[in-house]
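Presented below is the structure to which this report refers.
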Amino acid sequence: MSEPKKTEFTPHKTPKDQPPLPHPMFDWRPILFTFITFFVYYSVIQDTNKTVENISYTEFKTMVALDTVSAITIKGKEVSGLRTGTTAQGKNQRFNSMLPDIDDLGLMPLLEQHHVKITAKSTDTPIWLSLVLGIMPWILIFGFFAYSNRALQSRMGGSGGGMFGFSKSKAKLYEKINVHIGFDEVAGLESAKTDLREVIEYLTKPEKFRKLGAKLPRGILMMGPPGTGKTLLAKATAAEAGVPFFSISGSEFIEMFVGVGASRVRSMFSEAREKAPALIFIDEIDSVGRVRGTGMGGGNDEREQTLNQILAEMDGFATDDPVVVLAATNRPDVLDPALMRPGRFDRKVTLELPQKKARIQILDVHTRKKPMSPDVDIEYYAARTIGFSGADLENLVNEAALHAARFNKDSIDHNDFEYAHDKIILGSVGQEILNETDKKRIAYHEAGHALTAILSPNSDPLSKITIIPRGRSLGMTETLPSEDRVNYVQDYLEERLHILLGGRCAEKLIFGQVSSGAADDLKQCTRLARQMITQWGMSEQLGPVNFPQHEAHPFLGMDMAQAKDFSDYTARLIDEEVEKLVKRSEQITDKLLEEHHEELVRLAEGILEHETLEAEDIKKIMVLKK
-2 MSEPKKTEFT PHKTPKDQPP LPHPMFDWRP ILFTFITFFV YYSVIQDTNK
48 TVENISYTEF KTMVALDTVS AITIKGKEVS GLRTGTTAQG KNQRFNSMLP
98 DIDDLGLMPL LEQHHVKITA KSTDTPIWLS LVLGIMPWIL IFGFFAYSNR
148 ALQSRMGGSG GGMFGFSKSK AKLYEKINVH IGFDEVAGLE SAKTDLREVI
198 EYLTKPEKFR KLGAKLPRGI LMMGPPGTGK TLLAKATAAE AGVPFFSISG
248 SEFIEMFVGV GASRVRSMFS EAREKAPALI FIDEIDSVGR VRGTGMGGGN
298 DEREQTLNQI LAEMDGFATD DPVVVLAATN RPDVLDPALM RPGRFDRKVT
348 LELPQKKARI QILDVHTRKK PMSPDVDIEY YAARTIGFSG ADLENLVNEA
398 ALHAARFNKD SIDHNDFEYA HDKIILGSVG QEILNETDKK RIAYHEAGHA
448 LTAILSPNSD PLSKITIIPR GRSLGMTETL PSEDRVNYVQ DYLEERLHIL
498 LGGRCAEKLI FGQVSSGAAD DLKQCTRLAR QMITQWGMSE QLGPVNFPQH
548 EAHPFLGMDM AQAKDFSDYT ARLIDEEVEK LVKRSEQITD KLLEEHHEEL
598 VRLAEGILEH ETLEAEDIKK IMVLKK
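Residues -2 to 623 in the working numbering are what the sequence shown spells out, letter by letter.
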């Protein structure tokens, strides 16, 4: 078997394959330090070897008259000088005083009489100091904005424009440099890959289609539940085509400033045209592509402007413009119809949850480079993971590897996968210690579920019973479908109701009363019964009629309120039919468990003894035939 194609996506780099040089900026921190030092020196630091004493003007004149002042310096109204003689500390003492606002005509004669040397200083600030003090605030303001610009640029993902570059596209550009994500690495999704191969072939061999007059699809919308591989498939498509790949999330278009989203759309499409042929991938497009004019946002907000610009750009593609837009969403129901029409997103690719065959392929991909123990059966876990997405399966393998590493194992074995499976389904093992009364009640509750499943001919085979608390669950009864189901017949659904009520009925039979432990069972049972009656027409009284149960999703772009399509009388009949169906299921389950009371006790005692029973353990305890 040939090795899969080795290609890899890496972010776009400079021509010399070197990281881009950091954005130059003015470093204002040394200037700030200098300014602070200068201020402290001239404003705070004084001659510590001399003591400065503030004295009154009267005291100053008295000192002059006593010949204890030899020299003074006058600067405006401020007088400073040195007192002759010594202080108590034995040092000369400086003094400061203030001249009164009223002119003292006798001061100058007094100073001359006592031979005091007078020095006058100007009050004007030196030119150099005035210049520094005048320029420094502007330098600090410039430095602050430069720093804020750099910080904002970094927070915005390094878009390169800082606070003045909101309009620049934030799409990440990937070039064809050592790409290892090809279609061989995408397990399953064969139908989707077939649709995308046509796009790849058009980008690589456009003349083949042009001679027949075929046009390149403008856009391809990939729809499916979360984790089904939409983003991975988009990268694989770009890798197979070998063209530049622009990747962006829909939420990255929107900022607090009006018009930013539309400007970013224009920037992104302009860059893609320069790099053509190219692919643009918009993940979670429902964040900007919701139905216009609905919800809390009104009819003219930033999101709608962004959507309008996307529509305009896709309409502006030239016929031979080799740029294709890939978009992904798990909410196609909220998208604007203008996006879905031909000429925009011409092709819709639906990605469903993988079936058993695809799950085997996905598990093979994720276990390929991991040391696996011989007791690990990939098909067994593919059968036990119905409803798992590709991301869930990857997480399953990773959790198993983490558990194996925790116990210093050399390979991943069956027990590691069992632990990972239970952790994903139920959560981690809880630390709650149950008393004997609660433990016994939970054991009979789970035994009721299990025995009802065993006695139901259309039920899925029983796989595991446990009363070890996990997550928010105190116990679990697991049934393992033998194959993937698409349609569910009425007999199977009615038996599902019986199984859901089995735990509650067992508690009532053994203990004489029910508990709150069946809350989730009742919730699931009621929901299933309502679906059977309102959606699948499984009611003789109401007949084969669908009664949709509308839900309001204002923040998802849906109408805030939707009128019922049926009368209040019909709504009351629906409630009565749901109640009747659930009560009938309870009566059937009560009778079933009463007839097999001995088997119920035997199974519950086995659960209490072992806490966890696998399918083989259940067969040894129960000698019953379905």
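Glycine included, C-beta positions come from ideal geometry on N, C-alpha and C.
Through-space distance from residue j to residue i, alpha-carbon basis
i: Glu50; j: Met105; result: 22 Å
i: Phe544; j: Met220; result: 26 Å
i: Leu610; j: Ile409; result: 22 Å
i: Thr65; j: His111; result: 9 Å
i: Glu595; j: Gly534; result: 38 Å
i: Lys74; j: Asp101; result: 12 Å
i: Ser244; j: Lys420; result: 33 Å
i: His411; j: Ala380; result: 15 Å
i: Glu608; j: Leu229; result: 41 Å
i: Ile124; j: Glu299; result: 53 Å
i: Ile585; j: Ile383; result: 29 Å
i: Gly424; j: Phe342; result: 40 Å
i: Ile357; j: Ile375; result: 6 Å
i: His550; j: Pro329; result: Residue placement at His550 is poorly supported in this model, since its pLDDT is 45, which falls under 50; the coordinates are not used for a value here.
i: Phe266; j: Ser479; result: 49 Å
i: Ala235; j: Thr567; result: 53 Å
i: Leu597; j: Arg581; result: 21 Å
i: Asp587; j: Leu506; result: 8 Å
i: Arg403; j: Glu187; result: 37 Å
i: Ile279; j: Leu332; result: 14 Å
i: Arg215; j: Phe206; result: 15 Å
i: His442; j: Ser513; result: 11 Å
i: Glu271; j: Val288; result: 31 Å
i: Ser536; j: Ala444; result: 30 Å
i: Ile465; j: Ala324; result: 44 Å
i: Glu613; j: Tyr378; result: 17 Å
i: Met160; j: Ile138; result: Confidence at Met160 is low in this model, with a pLDDT of 45, below 50, so the placement of that residue is unreliable and no value is reported for it.
i: Ser156; j: Gly286; result: Model confidence at Ser156 stands at a pLDDT of 45, short of 50, so the residue's coordinates are unreliable; what they give is reported in the following sentence. Cα-Cα distance, rounded: 23 Å.
i: Gly500; j: Ile462; result: 12 Å
i: Gly603; j: Gln487; result: 33 Å
i: Leu490; j: Met529; result: 8 Å
i: Met60; j: Trp135; result: 47 Å
i: Arg438; j: Gly185; result: 44 Å
Within 7 Å, strictly: CB atoms of residue i and residue j
i: Ala515; j: Val575; result: no
i: Leu350; j: Ser386; result: yes
i: His418; j: Glu391; result: no
i: Val322; j: Ala275; result: no
i: Ile197; j: Glu237; result: yes
i: Pro319; j: Ala269; result: no
i: Leu494; j: Gln521; result: no
i: Lys118; j: Lys58; result: no
i: Gly258; j: Glu281; result: no
i: Val511; j: Arg467; result: no
Three-state class that DSSP yields for residue i in the structure shown
i: Lys342; result: The question names Lys, but residue 342 in the sequence shown is Phe. If DSSP states are grouped into helix, strand and coil, Phe342 belongs with the strands.
i: Ile71; result: strand
i: Gln528; result: helix
i: Leu494; result: helix
i: Lys190; result: helix
i: Ala325; result: strand
i: Ala184; result: coil
i: Val624; result: Summary: the structure shown does not reach residue 624, with the chain confined to residues -2 through 623, and so no result is reported for it.
i: Val66; result: strand
i: Ile138; result: helix
i: Val483; result: coil
i: Val542; result: coil
i: Val426; result: strand
i: Asn305; result: helix
i: His111; result: coil
According to DSSP, residues forming a beta bridge with residue i
i: Met60; result: Answer is none; Met60 lacks a bridge partner.
i: Phe92; result: Glu50, Gly78
i: Lys461; result: Glu475, Glu611
i: Ala627; result: No answer is possible for residue 627: it lies beyond the span of the chain, which begins at -2 and ends at 623.
i: Met369; result: Ile409
i: Ser470; result: Arg467
i: Arg287; result: Leu332
i: Thr347; result: Met220
i: Val320; result: Ala275
is_contact[residue i, chain C] using C-beta, thresh 7 Å
i: Lys212; result: Judged by its chain identifiers, the structure shown contains no chain C, having just a single protein chain.
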